[in-house]
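Okay, structure first, notes after.
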Amino acid sequence: MAEKPVWERVGLTQEEYGKIVTILGREPNQVELEMFGLMWSEHCSYKTSRRHLKKLPTTGQRILQGPGENAGVVDVGDGWGVAFKIESHNHPSAVEPFQGAATGVGGILRDIFTMGARPIAALDSLRFGPLNEARGKFLFGGVVAGIAHYGNCFGVPTVGGEVYFEDCYRENPLVNAMCVGLVRTDRIIRGRADGIGNAIFLVGARTGRDGIHGASLLASQELNSATEEQRPAVQVGDPFTEKLLLEACLELADSGAVIGIQDLGAAGLTSSSSEMAGRSGVGIELDVSLVPRREEGMEPWEVMISESQERMLVCVAAGREDEVREIFEKWDLNAALIGRVTGDGMLRVKDGDRMVAEIPAAALAQEAPSYDRPTRRPAYLDELKEITAADLPDQRPPEEALLRLLAHPNIASKEAVYRQYDHMVQTNTAVLPGSDAAVLRLRGSGRGIALATDGNGRLTYLDPKQGAAMAVAEAARNVVCSGAEPAAITNCLNFGNPEKPEIMWQFVTALEGMGEASLALNTPVTGGNVSFYNDTDGRSIYPTPVIGMVGVLESIDHRTTQWFKGEGEAIILLGGTGSPRLGGSQYLALVRGDAHAALPPLDLELEAAVQRTCLAAIRRGWVSSAHDCSDGGLAVALAECCFTGPRLVGASVELTGDDRADGLLFNEAPSRIIVSTPADLADQLLSLAREHGVPAQVIGRTGSDRLSVRVNHRCVIDRPVAELARIWREAIPCLTSE
Amino acid sequence: MKFGLIVFPGSNCDADVYYAVRDGLEQPVDYIWHKTERIEGYDCLILPGGFSYGDYLRAGAIARFSPAMQEVARHAQRGGLVLGICNGFQMLLEMGLLPGAMRRNDSLQFRCHYTYLVVENAETPFTREYQPGQVVAIPIAHGEGNYYADEATLAELEQHGQVVFRYCNEAGEIVPGANPNGSVGNIAGITNRAGNVLGMMPHPERCAEAVLGGTDGLGVFRSIESWLKEGGYHG
Amino acid sequence: MFLARIYITLKHGVLDPQGQAVQSALAHLGYDQVDDLRVGKFMELKLEAAGADEAGRLVDEMCQKLLANPVIENYRYEISEL
Amino acid sequence: MFLARIYITLKHGVLDPQGQAVQSALAHLGYDQVDDLRVGKFMELKLEAAGADEAGRLVDEMCQKLLANPVIENYRYEISEL
Ligand SMILES: Nc1ncnc2c1ncn2[C@@H]1O[C@H](COP(=O)(O)OP(=O)(O)O)[C@@H](O)[C@H]1O
Ligand SMILES: [Mg+2]
């Protein structure tokens, strides 16, 4: 058998290898080749996505740091900034769900505290195959436990997220973790290495062979039986060490000795050193023999690309090295002075006296190849039809459909997940998980932030542009319902193999939709992460862009929850009864087996107006509860208003419309919010809506212990709220304990 | 009146207790690093929650060897108040200041949610501001809160009123369904025989402010305050 | 009736945060002559089987399917008759 | 240099939630011939000592002080020379 060409062994193409030879003016040695292989992988270089990501709107009044650093930062007033970012750990979680998810959380936490920010919240957006299958249960159980393990021990509250179950994620689950941190705006630290002669320290855990040829390669190719072979590379997270690393890094930041910090993620020392040097236009010379090791006999290239967790590269002002050592000693952590900043832009790696690699730093980090991959509109899109209730043969009794939807794992209570997460530590969580968005108070300022993640692969599959826009709209609506003004987003773009033109088309088109919605809703993109190659044996996941949203509450007193508060209040529907189109809805999936049909339209102007109305009403103190209509449509949203609070509150609702009852109740048209308000304020609220050009109507009243819904004067739902609640609460525990 | 809060590597509820005492109770409080060898001038020492040393091996097992823990023991011996919350409770068990041991939750999962507790003994320095039998809502957040003691020890605890909090339902009934972790007798918190050392799994500091959704936990801190004001042992 | 004793250990090279923490706690207590401490699991179970071979085969299956995590752990076991 | 193998098990009479959960998971997989499953810890460490006796004495101390919790756990160990 012929030996593989050298470039293939590190996952590069022949052309890419040629480019390396041109850059170096010679053949790379093994260390250099390994370094290039990782840095020019899709995962590290964004070679496919870079040119398209550039088109996203990234600036705005509140934006202190956009894309390009470890995390984005928004200004939340009083001298405070909120740093936030989302990242995927899909493939590691497919191989080892517990550790894969745990180290995913560890990675995103480091991205936040490298900025000098203390992590104050985490969220997680998850996708699995069906929960009634062994693999679905195994991955779900392992991933949730892994997130809990890392976040709880570290001491960050995991306050929100989402979980969906769809066939397309059966082999390739999605595990996207978001972290949010708080930093003084004048203390933001960046991943820079300025100042010739300054010291480069490697701090934190010791270096082992973890993840060598693992994470980044896994993330840059499809899953198949060959990837099984890469199992020994699995990394184990150590949240305790990470917690010490956090405290030490923040203490170091306070000392003022720090020039810059960069976490070690994919491609370890190679990426962190070349990125720091690249951003500052300098060089770095380092000696791998000075790196504290966990294992014996490691080669220089192994040290350079190891993905051992819980490590940071720190640039420190020359002359202040001892301060660093003292701080890390206090926290029982290593701090090894491994190199210095140089003036010539070269990344030089020595092993003692021996030079083992010499590469222009920028060539590794910024000058990676960039591809404009071909796109082709997928044929399935042309086959999608418009389906309305009238197209469905026989109407199920809406009541039965409601019960079945409430028991569907995509809609049922996620308490079984979030009760495993410590969501209260740090005592800032003012709205706990279980409402549209989590709300955190900002201690001492009277303000707060609202956080949500949203994404809907099914909608994006059916209409990449609008599906991605709907994810932004829904995330914004969720924070608005909680009393916050949407401020900015981070995104995690989970797609299939971009070398397939149809996937590439989905990607490019989804970005257009995301960009438009971000502009319309005034939520610039501050960063994110791209995860390609989410395919198994040639089948791709649904294109799944996930949006992480940060909103700001002017006053923490504006915080609003989704559940009805008491009897006799008016229930108002903002945004109208939706669309007859059922494409993408849980209802269509339920009655027909799949939801493949044209989506209801999204009107971004209406969306913005609905959100403005809701927020204005909340700020005036008129709103007792606000809940957005999403999965399962109006009927499910109403039921959730009745039973998600500390006490059950019934409602009687009267809808009228041209559509059939099931269409009115279960369509998932966007831009709609259910608001409850004291009865005497209803008229004011309606006229406020009118001023904003938003359709609004009183659809019922809270009260009794039943949810009763009449459509065009016919009673279609009438059930005790307690029964609905039980079905909704028990569905996931029931499925997982089977 | 002064509170001291011992901070271990891996503590993560230290700041929460700090704010509950400083802002909720409006009393002075200091952080004390676990390597501190001499701890003087504190009236109540608190061991906060978290994952000291990652909770590796057994929760609280490694922390008990910190120099500050000898001072905590000395303070307790002299009659000073010691409050261990969650991981702090686990440490008190490991160091033998309280009897029994913790096992993993019977669900084998970490659990974080509000629980109802019945105040079984409202005469301790930590509970005197509650009514006897009062039902309070205080959240838990732990993976190893499944309290165990052998029968003889349990009988002693009961006999001397050392069981201070039990998990119950909203109506105050001590039933298996209200037990979040499998603890024997639904036990959520106990004191030592002298009553000056309390260990509890639930987190009173998480519900000491209205914005957090509840203030039932404030009673623990107010009790300590009133006990100290009325002449309880000062350090 | 057979007794199975199962030993589950982390694979070589896989980080053992627990072992590290315990070792450094021992060092703090003065036991600094200790090295390479690794923490694993030990299980005991009884089972009915036609013979020791059969018992071994069953235990091996259980280890692969559930008791050990083959991605990061190794296992071995001993079977004895009761 | 000596190798110590340490086995830490829950005392008889102390309910073992983990053992119970594992046993019922096995039963779900069809292994209902399994009984009395108990989960404990298994540690391996290397240590310098003048001899096997000395090593044993040290390990015993470590178990009493830190590695096992005498309220609920038993321990035993084996020492072998490397
Ligand atoms: N989908 C995206 N949209 C906007 N910016 C992105 C996106 N994906 C990645 N980025 C930005 O590109 C940079 C590199 O991303 P990444 O490699 O994930 O960061 P890190 O090395 O910190 O893990 C980051 O600044 C990130 O915010
Ligand atoms: Mg980073």
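Respectively, the protein sequence lines represent chains A, B, C and D.
Per the numbering used here, the first sequence runs over residues 11 to 748.
Per the numbering used here, the second sequence runs over residues 3 to 237.
Per the numbering used here, the third sequence runs over residues -17 to 64.
Per the numbering used here, the fourth sequence runs over residues -17 to 64.
Think of the CB as a built atom: it goes at the ideal place given N, C-alpha and C, for glycine as much as any other residue.
From a predicted model like this one, the values you see are computed outputs, not experimental measurements.
Span of the beta strand (DSSP E), counted from its first residue to its last, around residue i
i	result
Asn488/A	No beta strand (DSSP E) contains Asn488/A, which is instead part of the alpha helix (DSSP H) from 474 to 491.
Ile48/B	46 to 49
Thr439/A	439 to 441
Lys95/A	90 to 98
Arg58/D	55 to 63
Pro(-1)/C	Element bounds for Pro(-1)/C: not the beta strand (DSSP E) but the alpha helix (DSSP H), -1 to 10.
Cys45/C	Careful: Cys45/C lies outside any beta strand (DSSP E) and carries neither H nor E.
Trp35/B	31 to 35
Ala498/A	495 to 504
Within-8 Å CB hit, residue i to chain C
i	result
Leu95/B	no
Lys(-7)/D	no
Gly114/A	no
Val105/A	yes
Glu305/A	yes
Proximity test, Cβ basis, 8 Å: residue i and chain D
i	result
Ala103/B	yes
Arg195/B	no
Tyr(-11)/C	yes
Residue i at chain F interface by Cβ criterion, 8 Å
i	result
Leu19/C	The chain labelled as chain F is not found among the protein chains of the depicted structure, namely A, B, C and D.
is_contact[residue i, chain A] using C-beta, thresh 8 Å
i	result
Gly184/B	no
Tyr21/B	yes
Ile54/C	yes
Asn14/B	yes
Extent of the continuous alpha helix (DSSP H) run through residue i
i	result
Gln24/A	24 to 34
Ala743/A	First, the residue type needs correcting, since residue 743/A is Pro and not Ala in the sequence shown. Segment 731 to 747, the alpha helix (DSSP H) holding Pro743/A.
Arg602/A	596 to 602
Glu409/A	408 to 416
Thr519/A	511 to 530
Below-8 Å beta-carbon distance, residue i vs any chain B residue
i	result
Phe250/A	yes
Lys(-1)/C	Note that residue -1/C corresponds to Pro in the displayed sequence, not to Lys. It does: the Cβ of Pro(-1)/C has a partner Cβ on chain B nearer than 8 Å.
Ala144/A	no
Leu48/D	yes
Arg451/A	yes
Arg241/A	Note on Arg241/A: pLDDT 40, under 50, position unreliable in the model; the coordinate value appears next. Arg241/A does not count as touching chain B.
Per-residue burial, residue i [other beta carbons within 10 Å of its own, 16 or more giving buried]
i	result
Thr69/A	exposed
Gly523/A	buried
Val185/A	buried
Tyr13/D	buried
Ala479/A	buried
Ile206/A	exposed
Arg36/A	exposed
Met11/A	Only weak support is given to the placement of Met11/A: the predicted model assigns it a pLDDT of 47, under 50, and the value that follows is read from those uncertain coordinates. Exposed is the call here.
Asn142/A	exposed
Contiguous beta strand (DSSP E) assignments of at least 3 residues, all confined to the stretch 79 to 142 of chain B = Complete beta strand (DSSP E) runs here, min 3: 83 to 87, 103 to 105, 113 to 121.
Kindly provide the ranges of any alpha helix (DSSP H) runs that are 4 or more residues long and lie completely inside the stretch 328 to 404 of chain A, ordered along the chain.
-> 331 to 340, 371 to 375, 390 to 393
Going along the chain, which residues of the stretch 1 to 17 of chain C sit with their C-beta nearer than 9 Å to a C-beta in chain A?
-> Answer set for the stretch 1 to 17 of chain C: Gln2, Ala3, Ser6.
Contact set between the stretch 27 to 45 of chain C and chain A, restricted to residues whose Cβ is under 7 Å from the partner = none
Quick one, which residues of the stretch 54 to 68 of chain B are near chain C if we go by CB-CB under 7 Å, in chain order?
-> Tyr55, Gly56, Tyr58, Leu59, Ile64, Phe67
Select from the stretch 429 to 444 of chain A all residues with a C-beta closer than 9 Å to any C-beta belonging to chain B, and list them in chain order.
-> Those would be Arg429, Gln430, Tyr431, Asp432, His433, Met434, Val435, Gln436, Thr437, Asn438, Thr439, Ala440, Val441, Leu442, in chain order.
For the stretch 100 to 134 of chain B, enumerate the residues whose C-beta is nearer than 7 Å to any C-beta of chain A, in chain order.
-> Gln111, Phe112, Arg113, Cys114, His115
Which runs of the alpha helix (DSSP H), 4 residues or longer, sit entirely within the stretch 32 to 90 of chain A?
-> 40 to 49, 52 to 55, 60 to 63
Within the stretch 686 to 733 of chain A, ranges of the beta strand (DSSP E) (whole runs, at least 3 residues) | 706 to 712, 716 to 721, 724 to 730
Length at least 4, wholly inside the stretch 107 to 160 of chain A: the alpha helix (DSSP H) runs in chain order | 107 to 123
Looking at chain B, which residues of the stretch 556 to 567 of chain A have a Cβ within less than 8 Å of any of its Cβ atoms?
-> Ile566
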